[in-house]
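A quick write-up on the structure given underneath.
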Amino acid sequence: MLDLYDFYNKMERNKIMLSFKGDVTSELLTSILQIMEAKLENLQEEAKVKKKVYNVLVECLQNLYHHMDEMSANTDIVADDIDPKVTRSAIFMIGKQGEHYTIITGNYIFNKNVAGFKAKLDKINLMDKQQLKEFYKEVLAEGGFSEKGGGGLGMIDIARKSGHKLDYLFDPIDDTYSFFNLTIRINQ
Amino acid sequence: MAELLNIEGTPKTPVIKFDPITGKLDLKGRSIPENSIEFYKPLIDSLELFSTAPTKEMSVNIHLEYFNTSSSKCILDVFKKLEYIHKGGNSSVLINWHYEQDDEDMLEAGEDYQAIIAVPFKMVEVEE
Numbered sequence: 001m002l003d004l005y006d007f008y009n010k011m012e013r014n015k016i017m018l019s020f021k022g023d024v025t026s027e028l029l030t031s032i033l034q035i036m037e038a039k040l041e042n043l044q045e046e047a048k049v050k051k052k053v054y055n056v057l058v059e060c061l062q063n064l065y066h067h068m069d070e071m072s073a074n075t076d077i078v079a080d081d082i083d084p085k086v087t088r089s090a091i092f093m094i095g096k097q098g099e100h101y102t103i104i105t106g107n108y109i110f111n112k113n114v115a116g117f118k119a120k121l122d123k124i125n126l127m128d129k130q131q132l133k134e135f136y137k138e139v140l141a142e143g144g145f146s147e148k149g150g151g152g153l154g155m156i157d158i159a160r161k162s163g164h165k166l167d168y169l170f171d172p173i174d175d176t177y178s179f180f181n182l183t184i185r186i187n188q
Numbered sequence: 001m002a003e004l005l006n007i008e009g010t011p012k013t014p015v016i017k018f019d020p021i022t023g024k025l026d027l028k029g030r031s032i033p034e035n036s037i038e039f040y041k042p043l044i045d046s047l048e049l050f051s052t053a054p055t056k057e058m059s060v061n062i063h064l065e066y067f068n069t070s071s072s073k074c075i076l077d078v079f080k081k082l083e084y085i086h087k088g089g090n091s092s093v094l095i096n097w098h099y100e101q102d103d104e105d106m107l108e109a110g111e112d113y114q115a116i117i118a119v120p121f122k123m124v125e126v127e128e
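Protein sequences, first through last, are from chains A and B.
Heads up: the first sequence is residues 1 to 188, going by our numbering.
Heads up: the second sequence is residues 1 to 128, going by our numbering.
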């Protein structure tokens with residue numbers, strides 16, 4: 001049996017306000033954003049903090065959403081090999097420790113995409129505030145978006161608004177998949 | 001002739017009002033849809049049609065509380081249409097970019113667009 005109390009304690013220690021595991025749909029995001037907005041309201045955060053947390057949260061969750069779509073639509077892999085439990089499933093947690101908000105997301109990624117994605121994250125992590133601003137404008141003006149309108153700007157925007165480096169880890173699972181962990185701390 | 005556009009706001013999408021007779025365009029609320037391209041298409045199409053016979057002056061009011069990066073590209077596409085109209089010489093366009101007091105991110109976002117688009121911008125600070 002699942003040790004529920006252990007589970008509870010881990011979440012309590014990490015001051016998790018909300019967590020979810022499963023399929024990330026548009027309806028789910030609408031509900032989660034409404035819940036988080038109410039929580040931020042109840043915590044009586046300054047308007048500035050509320051906006052920042054909300055903004056970064058929207059980007060993090062919509063990144064997951066668009067990523068799920070891309071995973072399911074991947075045509076390089078034989079349909080039989082695509083496990084819907086893997087491609088449509090993700091985890092996220094939102095916590096507040098002291099004065100910092102933390103957003104943690106986890107999702108499967110194809111091993112073949114890891115190197116390219118890692119290079120992109122590292123590039124962003126080397127930039128300071130001003131460089132991020134310039135890079136954002138460059139990518140915005142150039143376009144280079146996927147059809148869904150996601151990609152490209154999301155991670156740059158998260159790094160820019162959160163004021164912290166993108167803390168990430170790729171956990172190898174098997175020959176096909178790794179599990180991508182992303183932790184975002186938000187400066188108040 | 002472009003038709004009057006009156007799109008109601010939702011928790012994820014802004015109010016869009018565009019009157020091709022007066023040349024007034026308002027965008028207000030939050031813009032965080034997952035599929036922004038689909039949402040902004042009617043406005044882009046309307047501006048495309050309007051650009052063939054624009055009004056002498058065009059007043060654009062952008063008053064967004066939040067927008068996601070997926071919307072940011074669509075907003076740029078809207079501004080590119082406005083730039084095309086402005087550059088045509090038959091219409092003078094002004095973009096009023098509203099941002100709430102203390103919302104530096106929103107002010108900066110407006111300045112980013114101002115740097116990319118050749119249309120006069122006016123930064124308007126509003127009280128929360």
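Glycine included, C-beta positions come from ideal geometry on N, C-alpha and C.
Name, please, each residue of chain B whose Cβ falls closer than 9 Å to the Cβ of residue 195 of chain A.
What the structure shows of chain A is the stretch from 1 to 188, and residue 195 of chain A is not part of that stretch, so it cannot be assessed.
Roughly how many angstroms lie between the CA atoms of residue 62 of chain B and residue 176 of chain A, to the nearest whole one?
45 Å
In terms of residues, what are the limits of the alpha helix (DSSP H) holding residue 16 of chain A?
That residue, residue 16 of chain A, is in no alpha helix (DSSP H); its beta strand (DSSP E) goes 16-23.
Please report the straight-line C-alpha distance between residue 170 of chain A and residue 30 of chain B, rounded to a whole angstrom.
33 Å
Closer than 7 Å between beta carbons: that is the criterion. Which residues of the segment 51-73 of chain B meet it against chain A?
66, 68, 69, 70, 72 and 73
Same chain, Cβ closer than 6 Å to residue 71 of chain A, neighbours up to 5 away in sequence not counted
87
Is the CB of residue 83 of chain B under 9 Å away from at least one CB in chain A?
no
Are residue 91 of chain B and residue 36 of chain B touching if we call contact CB-CB under 9 Å?
no
Under a Cβ-count criterion, where at least 16 other Cβ atoms within 10 Å of its own Cβ denotes burial, should residue 160 of chain A be classed as buried or exposed?
buried
Which bits of chain A does residue 12 of chain B rub up against, with CB to CB less than 7 Å?
30
Nearest-angstrom Cα separation, counted from residue 122 of chain B out to residue 97 of chain B
6 Å
Would you mind reading off the limits of the alpha helix (DSSP H) that contains residue 42 of chain B?
36-50
With DSSP run on the structure shown, which of helix, strand or coil describes residue 58 of chain A?
helix
Inter-stretch contact (C-beta, 8 Å, three-pair minimum) for the segment 44-60 of chain B and the segment 16-27 of chain B:
yes
Using 8 Å as the threshold, is the segment 113-132 of chain A in touch with the segment 4-18 of chain B, meaning 3 or more CB pairs across them?
no
So residue 19 of chain A and residue 135 of chain A are supposed to be a Cβ contact under 8 Å. How far apart are they, rounded?
The Cβ separation is near 32 Å, so there is no contact.
Would you check if the segment 28-45 of chain A and the segment 112-125 of chain A touch, i.e. whether three or more CB-CB distances between them fall below 8 Å?
no
For residue 122 of chain A, which option in A/107, A/180 and A/167 has the closest C-alpha, if you only look at C-alpha atoms?
A/167
Give the straight-line distance between the Cα atoms of residue 106 of chain B and residue 2 of chain A, rounded to the nearest whole angstrom.
45 Å
Does the Cβ-Cβ distance between residue 32 of chain B and residue 76 of chain B come in under 9 Å?
no
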